[in-house]
Structures are given as C-alpha cells and as structure tokens.
Amino acid sequence: MSPALTAEIAQRFAAIALGHVRREYPNKPGHVLAGPEDARTPRELHPIFYGSFDWHSCVHGYWMLAHLLQRFPQIEAAPAIRALFDAQLTPDNVEGECAYLAAPEARGFERPYGWGWLLKLSAELSLHTHHAWFDTLQPLADALVARFEDFLPIATYPVRVGTHFNTAFALRLAADYAEATGNGALFSLLCETALRWYGTDENCPAWGEPSGDDFLSSALVEAECMRRLMPQDDFLGWFDRFLPQIEAGQPETLFSPARVSDRSDGKIAHLDGLNLSRAWCWRALGKAIPEDDPRRSMMVAAAEAHLAAALPHVAGDYMGEHWLASFATLALEA
Numbered sequence: 000m001s002p003a004l005t006a007e008i009a010q011r012f013a014a015i016a017l018g019h020v021r022r023e024y025p026n027k028p029g030h031v032l033a034g035p036e037d038a039r040t041p042r043e044l045h046p047i048f049y050g051s052f053d054w055h056s057c058v059h060g061y062w063m064l065a066h067l068l069q070r071f072p073q074i075e076a077a078p079a080i081r082a083l084f085d086a087q088l089t090p091d092n093v094e095g096e097c098a099y100l101a102a103p104e105a106r107g108f109e110r111p112y113g114w115g116w117l118l119k120l121s122a123e124l125s126l127h128t129h130h131a132w133f134d135t136l137q138p139l140a141d142a143l144v145a146r147f148e149d150f151l152p153i154a155t156y157p158v159r160v161g162t163h164f165n166t167a168f169a170l171r172l173a174a175d176y177a178e179a180t181g182n183g184a185l186f187s188l189l190c191e192t193a194l195r196w197y198g199t200d201e202n203c204p205a206w207g208e209p210s211g212d213d214f215l216s217s218a219l220v221e222a223e224c225m226r227r228l229m230p231q232d233d234f235l236g237w238f239d240r241f242l243p244q245i246e247a248g249q250p251e252t253l254f255s256p257a258r259v260s261d262r263s264d265g266k267i268a269h270l271d272g273l274n275l276s277r278a279w280c281w282r283a284l285g286k287a288i289p290e291d292d293p294r295r296s297m298m299v300a301a302a303e304a305h306l307a308a309a310l311p312h313v314a315g316d317y318m319g320e321h322w323l324a325s326f327a328t329l330a331l332e333a
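Below, the structure is given as structure tokens:
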C-alpha cells in the first residue's frame, strides 16, 4: 500500500516539531541591521517564530502541528500542541511579528517562501474549531497578503530555482489561503501571475535538476502550481505541453531520487527535502490526470520511490530534522 499519514506517524512528527519550534539556537536570522539597536536575539525579533533554526522553518513547523492536530485530535501530543498555540498565538506576539515586518529594511524579508508558508498556516488554522488562533494570527496574514498584492504586479519574471526563492511554490501555498478564506481577489491575482509567468512554458528539459542544495523541483513545483490554479481541462493541455515525454520516462532526472551524501551539511540535506517535495508533486499531479492514462502509474511509482528514499531520514541530524517532517507531511497527505 502507498504510504499514508497515520496517527502513529503524526505523533512522531509532532514530537519532532515540539522539540524545535521553541528551540532558539542554533539560529540563522534573515535580518537586516539598520543600526546597532537592531542587533537583537531571535526571540526579541520574532515573538512567535524564533525557533527551528530560521523563521520560515518555524512557521511551517507550526503549520504541520496545526495540520496534525486537525487530522488526529486524539494523539498524545495534542494537549502540548494546544498549549503551544495558546501560549504563542497571542495578540501581543502577533503585534510583535507585524512590527518587525513594518520596518523598511524588512520589505524583502522571507519573500516569497516564508510569505507562502505563513498563509498556509493561516489557512490550516481556519479549519480548526478553536477559531481564536486563526483570528489572532489574522493581522500577520493580512500583512503578507498585502505584500503579495504589492509584489506580484511588479515581479516581471518568475524565480525558477529549487530553493526558498522559487515563486511557483509560494503561489501554490498562497492559493490554499485564498480559497480557505474566500479571498477571490487574491486568488485571481495568483492565477493571473501564474499564467503570465508560466503559461507559455513548453518542453521542460529539467536539465538543471537536481542542483546541489535543491529542496524543490523547479519543474514539478511549477506544474503543481499550475494544477492548483488552472481549471482542470486547461491544466491538462498545459501539462501535456510542459512535460510531453512523461510516458517515455523523460526527463529521466525527475524520476530518480536524489542521493544525499552528508545529512549533517545543511545544504546537502536539502536533497532529502527535494525527494519529499517531488513525491508531493508527483502524487498531486498523478491524481489530476485520468485513471486510465498510462502516465498515472508512472507518476505514482516515481512518488513512491522518492518517499522511500527520504522518509527514513526525516529525523536524525538537526540540519534536516528542523524542517523535513513538514515536507513529509505534504507528501503523505497529497
């Protein structure tokens, strides 16, 4: 049977995240100092998202915990997750996060990866019966929606790398927020931007994959972005043009899991995330095509191979452990 998220896995992943979302050090701040007064600790800069090595990893650690709590509310970690959210998602803490973003030097902070993940977290919280968390976080979500609205119209070109700067991944996550909150204007902006950036792409060679520190497949995450934002029939035609040789197993690199030589190296450890994010994309894309399409079984098999390569390595060294479970959750839930 295909791997799936179970209560046992959810408990294991929750324990991992609870061990790092409030672990302040080591820490890699994406922080611009305008003067000596800005030399502050992670917790002083970010009252909520100061753990997990960096801001964006902390945000998607919270997303994963919210998702696991929603899916399996009776797991052993559930009381600790609820206590964490009650303690951290307070009006004062959210105000502190918003104040950081308001500084002129923070205009590009976490653009676009962290922006997408914060909106993904907000979308997840909207599903919880405990709506106080969603309502409390809303000012920060509003601030990042405004950033998308300001940035996307002036972003002439997409960013196609396999790391945090990838624009397709951010659009994909933001789409979940737009739909969950009924923000039709944001969803339309995301659709228009995706079509402007990617709508005419054809015959993707994927020759640059994998790069040495990729955790996203530039090709597959673009396809997953378009699947999420385009009408089904339009997407199928676009997908046929974008990756026309899937039935022949091409581009071959997209079907072969990346090899990870040193999981204590933070950049090399990204490749475990690449395998997990490819599995997420392959699974989601495979479900979008007809069941009798021969490509579907190939895409499912590719997803299984990538999951098998990465799932055993979600925990172990902190350089991967502080973030990989979130991507494993995406893949298992696709």
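Residues 0 to 333 in numbering that gives the first Met the number 0 are what the sequence shown lists, from first letter to last.
Note that the Cβ used here is the ideal one computed from N, Cα and C, for glycine as well.
Nearest neighbour of residue 322, chosen from 36, 134, 34, 61 [CA to CA] = Here the closest residue by C-alpha is 61.
So, helix, strand or coil for residue 30, using DSSP?
-> In this structure, DSSP gives residue 30 a state outside helix and strand, which the three-state scheme calls coil.
Could you tell me if residue 153 is buried or exposed, where buried requires 16 or more neighbouring beta carbons within 10 angstroms of its beta carbon?
-> Classified as exposed, residue 153 has fewer than 16 neighbouring CB atoms from the shown chains inside 10 Å of its CB.
Counting only the same chain and skipping the five closest in sequence on each side, list residues whose C-beta sits under 8 Å from that of residue 342.
-> The question about residue 342 has no answer here: the residues shown for the chain are numbered 0 through 333.
Flag this pair as yes or no: are the beta carbons of residue 194 and residue 177 separated by less than 8 Å?
-> Their beta carbons are not under 8 Å apart, which means residue 194 does not touch residue 177 by this criterion.
Mind checking residue 277: buried by the 16 CB within 10 Å criterion, or exposed?
-> With 16 or more other Cβ atoms inside 10 Å of its own Cβ, residue 277 counts as buried.
What's the C-alpha gap between residue 172 and residue 116?
-> Going by the C-alpha atoms only, they are around 6 Å apart.
Grab the span of the alpha helix (DSSP H) containing residue 267 for me, first residue to last.
-> DSSP places residue 267 in no alpha helix (DSSP H); its state is neither H nor E.
Grouping DSSP H, G and I as helix and E and B as strand, with all else coil, what is residue 55?
-> When secondary structure is reduced to three states using DSSP, residue 55 falls in the helix class.
Can you tell me which of 25, 45, 37 puts its alpha carbon nearest to the alpha carbon of residue 52?
-> Looking from the CA of residue 52, the closest CA among 25, 45, 37 belongs to 25.
Could you work out which residue in 151, 120, 262 is closest to residue 313 when comparing CA atoms only?
-> The residue with the shortest Cα to Cα distance from residue 313 is 262.
For residue 281, which residues of its own chain have a beta-carbon under 6 Å away from its beta-carbon, when the five flanking residues on both sides are left out?
-> Here the set comprises 298, 301, 302.
Integer Cβ distance of residue 334 from residue 164, believed to fall under 8 Å | As shown, the chain starts at 0 and ends at 333. That puts residue 334 outside it, with no answer to give.
Inside the region 91-131 only - alpha helix (DSSP H) runs reaching at least 4 residues | For the region 91-131, whole alpha helix (DSSP H) runs of length 4 or above, ordered along the chain, are 112-124.
Span of the alpha helix (DSSP H) around residue 217 | Looking at the DSSP string, the run of the alpha helix (DSSP H) that includes residue 217 is 217-228.
Compute the Euclidean distance between the alpha carbons of residue 93 and residue 18, then round it to the nearest angstrom.
-> Each residue's Cα considered, the two are about 22 Å apart.
Does DSSP put residue 74 in a helix, in a strand, or in coil?
-> When secondary structure is reduced to three states using DSSP, residue 74 falls in the coil class, being assigned neither helix nor strand.
Note down, in chain order, each residue of its chain lying with its Cβ closer than 8 Å to the Cβ of residue 202, except the 5 sequence neighbours on either side.
-> Excluding residues within five positions, the ones whose Cβ falls inside 8 Å are 240, 241, 243.
Measure the beta-carbon distance from residue 147 to residue 220 and round it to whole angstroms, keeping in mind my assumption that it falls under 8 Å.
-> Going by Cβ atoms, the distance from residue 147 to residue 220 rounds to 17 Å, so no, they are not a contact pair.
Could you round the C-beta distance between residue 39 and residue 23 to whole angstroms and report it? I think they count as a contact, below 8 Å.
-> With a Cβ gap of about 12 Å, residue 39 and residue 23 do not count as contacting.
Spatial distance of residue 69 from residue 143 (CA atoms) = Cα-Cα distance, rounded: 24 Å.
Go through its chain and collect everything with a Cβ distance to residue 63's Cβ below 7 Å, but skip five positions before and after it.
-> Counting only Cβ-Cβ distances below 7 Å, and skipping sequence neighbours, we find 12, 16, 324, 325, 328.
Three-state secondary structure (DSSP) at residue 202?
-> Correct three-state label for residue 202: coil.
Check residue 233 in the structure and name its three-state DSSP category.
-> Reduced to three states, the DSSP call for residue 233 is helix.
Check residue 161 in the structure and name its three-state DSSP category.
-> In the three-state reduction of the DSSP assignment, residue 161 falls in the coil class.
Helix, strand or coil for residue 299, going by three-state DSSP, please let me know.
-> Residue 299 falls in the helix class under three-state DSSP.
Along the chain, where does the alpha helix (DSSP H) that runs through residue 17 open and close?
-> For residue 17, the uninterrupted alpha helix (DSSP H) segment begins and ends at 6-17.
Among 284, 212, 4, 191, the one whose alpha carbon lies nearest that of residue 344 = Residue 344 falls outside the range modelled here, since the chain spans only 0 to 333, and no answer is possible.
Could you give the DSSP three-state label for residue 211: helix, strand or coil?
-> Three-state result, residue 211: coil.
Under 8 Å by Cβ, that's how I've got residue 253 and residue 216 pegged, so tell me the actual separation to the nearest angstrom.
-> Between residue 253 and residue 216 a beta carbon distance of about 7 Å is seen, short of the 8 Å cut, so the two are scored as contacting.
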